[in-house]
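J.:
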Amino acid sequence: MDYMKVYEEWLNSPYVDEDTKKELLSIKDNEKEIMERFYKELEFGTAGLRGVLGAGTNRMNIYTVGKATQGLADFIISKGEEYMKRGVVIAYDVRHMSPEFAKTAALVLAGNGIKVYLFDHIAPTPLLSYSVRRLKTAAGIVITASHNPKNYNGYKVYWEQGSQILDDVAIPVMENIKKLTDFSMIKKITEEEALNKGLLEYVGKEIEDEYIEKVKGLAIREEIDKDIKIVYTPLNGTGNKPVRRVLAERGFKNVFVVPEQENPDPDFTTVGYPNPEDLKAFEYAKRLAKEKDADLIIATDPDCDRTAVVVKHNGEYVPLNGNQTGAILIKYIIEGRKEKGTLSNKGMIIKSIVTGDLGKELAAKYGIVTFETLTGFKNICGLENELEGKYDFEFGYEESIGYVTGTFVRDKDGVISSMFVSEAAAYYKTQGKTLVDVLYDLYNEIGYYFENNFSLIIEGLEGMEKMKRIMETYRKEFPKEIGDMKLVRYIDYLERKDKDLVSGEEKETDVPKSNVLRFFFDDGSWYAVRPSGTEPKLKIYIYSKDKNEEKSKEKLALMKEKIMEIINSVE
Numbered sequence: 072m073d074y075m076k077v078y079e080e081w082l083n084s085p086y087v088d089e090d091t092k093k094e095l096l097s098i099k100d101n102e103k104e105i106m107e108r109f110y111k112e113l114e115f116g117t118a119g120l121r122g123v124l125g126a127g128t129n130r131m132n133i134y135t136v137g138k139a140t141q142g143l144a145d146f147i148i149s150k151g152e153e154y155m156k157r158g159v160v161i162a163y164d165v166r167h168m169s170p171e172f173a174k175t176a177a178l179v180l181a182g183n184g185i186k187v188y189l190f191d192h193i194a195p196t197p198l199l200s201y202s203v204r205r206l207k208t209a210a211g212i213v214i215t216a217s218h219n220p221k222n223y224n225g226y227k228v229y230w231e232q233g234s235q236i237l238d239d240v241a242i243p244v245m246e247n248i249k250k251l252t253d254f255s256m257i258k259k260i261t262e263e264e265a266l267n268k269g270l271l272e273y274v275g276k277e278i279e280d281e282y283i284e285k286v287k288g289l290a291i292r293e294e295i296d297k298d299i300k301i302v303y304t305p306l307n308g309t310g311n312k313p314v315r316r317v318l319a320e321r322g323f324k325n326v327f328v329v330p331e332q333e334n335p336d337p338d339f340t341t342v343g344y345p346n347p348e349d350l351k352a353f354e355y356a357k358r359l360a361k362e363k364d365a366d367l368i369i370a371t372d373p374d375c376d377r378t379a380v381v382v383k384h385n386g387e388y389v390p391l392n393g394n395q396t397g398a399i400l401i402k403y404i405i406e407g408r409k410e411k412g413t414l415s416n417k418g419m420i421i422k423s424i425v426t427g428d429l430g431k432e433l434a435a436k437y438g439i440v441t442f443e444t445l446t447g448f449k450n451i452c453g454l455e456n457e458l459e460g461k462y463d464f465e466f467g468y469e470e471s472i473g474y475v476t477g478t479f480v481r482d483k484d485g486v487i488s489s490m491f492v493s494e495a496a497a498y499y500k501t502q503g504k505t506l507v508d509v510l511y512d513l514y515n516e517i518g519y520y521f522e523n524n525f526s527l528i529i530e531g532l533e534g535m536e537k538m539k540r541i542m543e544t545y546r547k548e549f550p551k552e553i554g555d556m557k558l559v560r561y562i563d564y565l566e567r568k569d570k571d572l573v574s575g576e577e578k579e580t581d582v583p584k585s586n587v588l589r590f591f592f593d594d595g596s597w598y599a600v601r602p603s604g605t606e607p608k609l610k611i612y613i614y615s616k617d618k619n620e621e622k623s624k625e626k627l628a629l630m631k632e633k634i635m636e637i638i639n640s641v642e
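Numbering-wise, my numbering comes out as the position in the sequence shown, counting from 1, plus 71.
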């Protein structure tokens, strides 16, 4: 892509507004910045678009959003008039330019004769998923960059079942986008025209009210300690009102919200990087928790689809990771439903292939089958859609603090998760236990599952080549023993090969192709290696298991040492 030529085209285009041109003129003497913004198009993938805000083809702006929406509109039109009439529902979060991007998408769809339902207020991502199902639309769009830094925004597309699009929709949309060689090909009308033609309808509070009722309808127990003290932080995102409302209407009387992180703030001033997986995000919440002597701290990310938990245990505030929280929720939900007689005899949970096995082993004790799929809730809920009717969905989760239960939302849901974490903590408190005690009960029953999940940053073109060599080396020379642990099985998801090293049997995996390797040992320990699809990172997931806590920790250290030895040997 000739970046200077494209830069000039933007400057001279009658379709580019004056403010954008001023921004572009301000960098006219900075060729490196021009190159960064114009050396490629911001790529539309299965997660839609995500990038840094600003003018340029490699940035998030009304023009890249318009182009993506025209590509989606052309795909919907190709499906026929019924899909056009069913239309698209659009929601947006608190970030810079989110309302403008949502409005742009709405007016491009309307310009193509497609009905649009546009939220008139900020909304959490799971509410968008619910709305697609509730309004029976053909598709949904949410404008969000999830937990990325403040200078990012994004554009996620959902299809008619309420889950994020997969390749069957993403690829044709991408192909449509590539055909758009000029901004004149983007059809857009005014808001007034869209309203007059009945193509634009605003979505108000009613749909949120229905969603809140559905969330509360999932509740399992009333005989819980509703006086439990909970500190909640929405990290200046969309979770503030829905999470607080659900907890209040469930009868939790002592919910304290971090005041500095209560209201929408697109700059995330108090937190910088609004990712609740990063314990630095809990600084203000912990301060308030100590002041209030809170039992529990809950944080949701800016679009309120992910949930992080910190528990007061023996006077200390102890963070739970995604695997631990997932296992506790599986225990609480499955045992609760069994007691109430609402647990299905053909129940399933779905987790990602890099999520730990503690929840899977627990579910098996109750006759609940676990299915695995690639990382991301687009895959988890995509598999839920596929298995619907054959199995009943009980729970879905992944190690990166995403969870969902119920069938009316087809994505991870921070509102549902916050309610269940609070309910579980309040229930176990009546038994004199914290959630950490519950976790250790699970360890004693099933085994001490520990983990060390980390990423190695390997940047640039050289980094991409090195990651390739690491994966090639691993495909040929993986260790057959680590300490006393003997390798019994490995899966190569790129070659879709699942090999049993004891019997010698080899079969094809039923998980879609992906560049992931997984290695299983005779004691239940395992690890996985994969390059990130979106960042210059090699991701390593290590899981140890033993009946003895210290031995499990030793195994974890030993596995890491051996893995790093192999990685460091690659030039």
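Every residue, glycine too, gets a C-beta built ideally from N, C-alpha and C. These numbers were taken from a predicted model, which means no experiment stands behind them.
Which residues mark the beginning and the end of the beta strand (DSSP E) in which P602 is found?
T.: Taking the first residue of the sequence shown as 1, we reach residue 602 at position 531. Here the beta strand (DSSP E) through P602 covers W597 to P602.
J.: Just checking my contact of G424 with G467 at CB under 8 Å: how many whole Å lie between their CB atoms?
T.: Here residue 424 corresponds to residue number 353 of the sequence shown, with the count starting at 1. Here residue 467 corresponds to residue number 396 of the sequence shown, with the count starting at 1. Per the sequence shown, residue 424 should be read as Ile rather than Gly. Taking C-beta atoms under 8 Å as the contact rule, I424 and G467 fail to qualify, at a distance of about 13 Å.
J.: Using C-beta distances below 6 Å, list every residue in its chain close to K610, excluding the 5 sequence neighbours before and after it, in chain order.
T.: Position 539 of the sequence shown, counted from the first residue, corresponds to residue 610. Apart from the 5 residues on each side of it in sequence, K610 sits with its Cβ closer than 6 Å to the Cβ of S526, R601 and S603 in its chain, given in chain order.
J.: Which residues bound the alpha helix (DSSP H) around A210?
T.: Your numbering for residue 210 matches position 139 in the sequence shown. Here A210 belongs to no alpha helix (DSSP H); instead the beta strand (DSSP E) covers A210 to I214.
J.: So, do the segment 373–383 and the segment 303–311 have three or more beta carbon pairs nearer to each other than 8 Å?
T.: yes
J.: What are the boundary residues of the beta strand (DSSP E) that includes L367?
T.: On the sequence shown, position 296 is the one that residue 367 refers to. Start and end: L367 to T371.
J.: At a cut-off of 7 Å, is I634 close to the ligand MG when judged by its beta-carbon and the heavy atoms of the ligand?
T.: For the ligand MG, the structure offers nothing, since it holds no ligand at all.
J.: Taking 8 Å as the cut-off, does the segment 345–358 touch the segment 375–393 (at least 3 CB pairs, one atom from each stretch)?
T.: yes
J.: Quick check: what's the CA-CA separation for F109 versus A126?
T.: Position 38 of the sequence shown, counted from the first residue, corresponds to residue 109. Position 55 of the sequence shown, counted from the first residue, corresponds to residue 126. Cα to Cα, the separation comes out at about 9 Å.
J.: Round the Cβ separation of L189 and A209 to the nearest angstrom and send it over; I've been treating them as touching at under 8 Å.
T.: Here residue 189 corresponds to residue number 118 of the sequence shown, with the count starting at 1. Here residue 209 corresponds to residue number 138 of the sequence shown, with the count starting at 1. Contact flag wrong, Cβ pair sits at about 15 Å.
J.: Is it buried or exposed for E579, if we count other Cβ within 10 angstroms and need 16 for buried?
T.: The count along the sequence shown starts at 1 and reaches residue 579 at position 508. That one is exposed.
J.: Return yes when the Cβ of Q235 is within less than 8 Å of the Cβ of F448, no when it is not.
T.: Numbered from 1 along the sequence shown, position 377 holds the residue referred to as residue 448. Numbered from 1 along the sequence shown, position 164 holds the residue referred to as residue 235. Contact: yes.
J.: What ranges does the alpha helix (DSSP H) occupy inside the segment 485–529, keeping only unbroken runs of at least 4 residues that lie completely in it?
T.: 485–500 and 506–517
J.: When we look at the beta-carbon of I528 and count the other beta-carbons within 10 Å, is it buried (16 or more) or exposed?
T.: Position 457 of the sequence shown, counted from the first residue, corresponds to residue 528. Exposed: under 16 other Cβ atoms inside 10 Å.
J.: Please return the same chain residues whose Cβ sits closer than 7 Å to the Cβ of G275, not counting the five positions on each side in sequence.
T.: For the purposes of this step, residue 275 is identified with residue 204 of the sequence shown, where counting begins at 1. Within its own chain, the residues whose Cβ lies closer than 7 Å to the Cβ of G275, once the five positions on either side in sequence are excluded, are D191, listed in chain order.
J.: Classify P345: buried if its beta carbon has 16 or more other beta carbons within 10 angstroms, exposed otherwise.
T.: Within the sequence shown, residue 345 is the residue found at index 274, counting from 1. Buried is the call here.
J.: Rounded C-beta distance between A176 and T128? I'm assuming under 8 Å.
T.: Mapped onto the sequence shown, residue 176 falls at position 105. Mapped onto the sequence shown, residue 128 falls at position 57. In this structure, A176 and T128 do not form a Cβ contact; the two beta carbons are roughly 18 Å apart against a cut-off of 8 Å.
J.: Flag this pair as touching only if the segment 555–562 and the segment 582–594 have three or more C-beta atom pairs under 8 Å; answer yes or no.
T.: yes
J.: Pairs of beta-carbons, one from the segment 442–458 and one from the segment 467–482, closer than 8 Å: are there three or more?
T.: yes
J.: Let me make sure I understand the geometry here. Which of I98, D239, R567 and V573 has the alpha-carbon closest to that of V587?
T.: On the sequence shown, residue 587 is found 516 positions in, with the first residue counted as 1. Nearest C-alpha to V587: R567.
J.: Grab the span of the beta strand (DSSP E) containing V286 for me, first residue to last.
T.: Here residue 286 corresponds to residue number 215 of the sequence shown, with the count starting at 1. V286 -> not in any beta strand (DSSP E); alpha helix (DSSP H) instead, spanning K276 to G288.
J.: State the Cα-Cα distance for the pair V203 and L359, rounded to the nearest angstrom.
T.: Indexing the sequence shown from 1 puts residue 203 at position 132. Indexing the sequence shown from 1 puts residue 359 at position 288. Between V203 and L359, the C-alpha separation is close to 37 Å.
J.: Looking at the secondary structure, which residues open and close the beta strand (DSSP E) in which E606 lies?
T.: Your numbering for residue 606 matches position 535 in the sequence shown. Careful: E606 lies outside any beta strand (DSSP E) and carries neither H nor E.
J.: Tell me the residue span of the alpha helix (DSSP H) that contains N456.
T.: Counted from its first residue, the sequence shown places residue 456 at position 385. N456 -> alpha helix (DSSP H) spans F448 to L458.
J.: Tell whether a beta-carbon distance below 8 Å holds between V302 and R315.
T.: Translated into positions along the sequence shown, residue 302 becomes position 231. Translated into positions along the sequence shown, residue 315 becomes position 244. With contacts defined by Cβ atoms closer than 8 Å, V302 and R315 do not form a contacting pair.
J.: Contact check, P335 vs I193 under 8 Å by CB: the rounded distance?
T.: Residue mapping note: residue 335 aligns to position 264 of the sequence shown, counting from 1. Residue mapping note: residue 193 aligns to position 122 of the sequence shown, counting from 1. Contact flag correct, Cβ pair sits at about 6 Å.
J.: Looking only at its own chain, which residues have a Cβ that is under 8 Å from the Cβ of L510, when we skip the five neighbours before and after it?
T.: Position 439 of the sequence shown holds residue 510. For L510, where only same-chain residues beyond five positions count, the Cβ hits under 8 Å are L391, Q395, A398 and I399.
J.: Use the C-beta contact count for E522: other C-beta atoms within 10 angstroms, 16 or more gives buried, fewer gives exposed.
T.: Along the sequence shown, read from residue 1 onward, the residue named residue 522 stands at position 451. Residue burial annotation: E522 is buried, with at least 16 other C-beta atoms found within 10 angstroms of its C-beta.
J.: Anyone know if the C-beta pair for P313 and P195 falls short of 8 Å?
T.: Translated into positions along the sequence shown, residue 313 becomes position 242. Translated into positions along the sequence shown, residue 195 becomes position 124. Remark: C-beta atoms of P313 and P195 approach each other more closely than 8 Å.
J.: How is the beta strand (DSSP E) around D569 delimited, first residue to last?
T.: Indexing the sequence shown from 1 puts residue 569 at position 498. Element bounds for D569: K568 to D571.
J.: Can you list, in chain order, the residues of its chain with a C-beta nearer than 6 Å to that of T478? Leave out the 5 residues immediately preceding and following it.
T.: One-based indexing of the sequence shown puts residue 478 at position 407. These residues qualify, in order along the chain: F464.
J.: Whole angstroms are fine: how far does the CA of T117 sit from the CA of D238?
T.: Counted from its first residue, the sequence shown places residue 238 at position 167. Counted from its first residue, the sequence shown places residue 117 at position 46. Rounded to whole angstroms, D238 to T117 spans 6 Å at the Cα level.
J.: Helix, strand or coil for F323? Go by DSSP, reduced to three states.
T.: Numbered from its first residue, the sequence shown carries residue 323 at position 252. Here F323 sits in coil by DSSP.
J.: Check whether the Cβ atoms of R292 and E494 lie closer than 8 Å to each other.
T.: Translated into positions along the sequence shown, residue 292 becomes position 221. Translated into positions along the sequence shown, residue 494 becomes position 423. Taking 8 Å as the Cβ cut-off, R292 and E494 qualify as a contacting pair.
J.: Would you check if there are 3 or more beta carbon pairs closer than 8 Å linking the segment 177–184 to the segment 272–291?
T.: no
J.: Roughly how many whole angstroms lie between the Cα atoms of M90 and Y545?
T.: The residue given as residue 90 occupies position 19 in the sequence shown. The residue given as residue 545 occupies position 474 in the sequence shown. A small fix is needed here, since residue 90 is Asp in this sequence, not Met. Their backbone Cα atoms lie some 51 Å apart in a straight line.
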